[in-house]
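Visitor: Please find one structure pasted underneath; my questions will follow.
Numbering (my numbering), first residue to last: 149 to 329.
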């Protein structure tokens, strides 16, 4: 199959992908297809970073903006330092992706929540990951409720407390090497 080179990327003939550029408008370029995803290989054979990569500078700017604006307000409201970040294990993310496949989910909605008064991290911010599926009525996405799935009772642990995909490690109190903002 013929291979084309251009702009530092290598393309295979016969496959096209529409690329949007803030500077150049839209262009159509050939693309190499691998797995479920389309991506172009750079001339050096490296796989480009995903389109949602924002980089160190923007990440640090947004973390600092949160630390200077929202975090003090949230911490004052609960009379202690509120959550600044939540760390998840690779295993947690892998299991979540497996559940998404099983449920035919098309995405993930992350809700902001707060722990209850009797919880270990009382009042602190938490993240709740909810799988989504296409919503044919609205053209958007609707939440998947695992408790409504046909095999939920077979898969659930008897006597377990209600839970969501929320088993990360909140900081504070479990801060590794994170600098105060």
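The beta carbon of each residue, even a glycine, is placed where N, CA and C say it ideally should be.
If residue 281 and residue 252 are in contact, beta carbons under 8 Å, what's the gap, nearest whole angstrom?
Guide: Sequence index remark: in the chain shown, residue 281 carries index 133 (1-based). Sequence index remark: in the chain shown, residue 252 carries index 104 (1-based). Yes, they are in contact, since the Cβ atoms of residue 281 and residue 252 sit about 7 Å apart, within 8 Å.
Visitor: Mapping DSSP to helix, strand and coil, what is residue 223?
Guide: Sequence index remark: in the chain shown, residue 223 carries index 75 (1-based). Correct three-state label for residue 223: helix.
Visitor: Drop a sphere of 10 angstroms on the beta-carbon of residue 272, count the other beta-carbons inside from all chains shown, and report buried for 16 or more, exposed for fewer.
Guide: Within the chain shown, numbered from 1, the residue matching residue 272 stands at position 124. Residue 272 should be labelled buried.
Visitor: Identify, in the order they occur along the chain, each residue of the same chain with its Cβ nearer than 7 Å to the Cβ of residue 255, setting aside the five sequence neighbours on each side.
Guide: Taking the first residue of the chain shown as position 1, residue 255 is located at position 107. Closer than 7 Å at Cβ, skipping near neighbours: 280, 289.
Visitor: Between which two residues does the alpha helix (DSSP H) carrying residue 241 extend?
Guide: Within the chain shown, residue 241 is the residue found at index 93, counting from 1. Residues 238-250.
Visitor: Thinking C-beta only, is residue 278 closer than 8 Å to residue 291?
Guide: As a first step, residue 291 must be located in the chain shown, where it is residue number 143. As a first step, residue 278 must be located in the chain shown, where it is residue number 130. Contact flag set, yes.
Visitor: Taking the C-alpha atoms as reference points, what is the distance between residue 230 and residue 259?
Guide: The sequence position of residue 230 within the chain shown is 82, counting from 1. The sequence position of residue 259 within the chain shown is 111, counting from 1. Spanning the two alpha carbons is a distance of roughly 16 Å.
Visitor: Can you tell me whether residue 248 is buried or exposed? The criterion is at least 16 other CB atoms within 10 Å of its CB, across all chains shown.
Guide: By one-based count along the chain shown, residue 248 stands at place 100. Under this definition residue 248 is a buried residue.
Visitor: Cβ atoms of residue 233 and residue 132: under 8 Å apart, would you say?
Guide: In the structure displayed, the chain extends from 149 to 329; residue 132 sits before or after that span and is not available.
Visitor: In the DSSP output, what is residue 234 paired with across the bridge?
Guide: On the chain shown, residue 234 is found 86 positions in, with the first residue counted as 1. According to DSSP, which records beta bridges pairwise, residue 234 is partnered with 318.
Visitor: Could you tell me the alpha carbon to alpha carbon distance between residue 287 and residue 257, rounded to whole angstroms?
Guide: As a working mapping, residue 287 is identified with position 139 in the chain shown. As a working mapping, residue 257 is identified with position 109 in the chain shown. Each residue's alpha carbon lies about 16 Å from the other.
Visitor: What separation, rounded to the nearest whole angstrom, lies between the Cα atoms of residue 205 and residue 213?
Guide: Locating residue 205 in the chain shown gives position 57, counting from the first residue. Locating residue 213 in the chain shown gives position 65, counting from the first residue. Spanning the two alpha carbons is a distance of roughly 12 Å.
Visitor: Looking at the unbroken alpha helix (DSSP H) that takes in residue 303, where does it start and where does it end?
Guide: For the purposes of this step, residue 303 is taken as the residue at position 155 of the chain shown. 300-303 is the span of the alpha helix (DSSP H), which, as asked, contains residue 303.
Visitor: Who does residue 282 pair with in a DSSP beta bridge?
Guide: Against the chain shown, residue 282 aligns to sequence position 134. In DSSP, residue 282 forms a bridge with 289.
Visitor: For the putative contact between residue 236 and residue 316, defined by C-beta atoms under 8 Å, what is the C-beta separation to the nearest angstrom?
Guide: Looking up residue 236 in the chain shown gives position 88. Looking up residue 316 in the chain shown gives position 168. The Cβ separation is near 5 Å, so the contact holds.
Visitor: Quick check on residue 210: does DSSP put it in helix, strand or coil?
Guide: Here residue 210 corresponds to residue number 62 of the chain shown, with the count starting at 1. Look at residue 210 here: in three-state DSSP terms it is helix.
Visitor: So what's residue 271 in DSSP terms, helix, strand or just coil?
Guide: Translated into positions along the chain shown, residue 271 becomes position 123. Looking at residue 271 - three-state DSSP - the assignment turns out to be coil, as it is neither helix nor strand.
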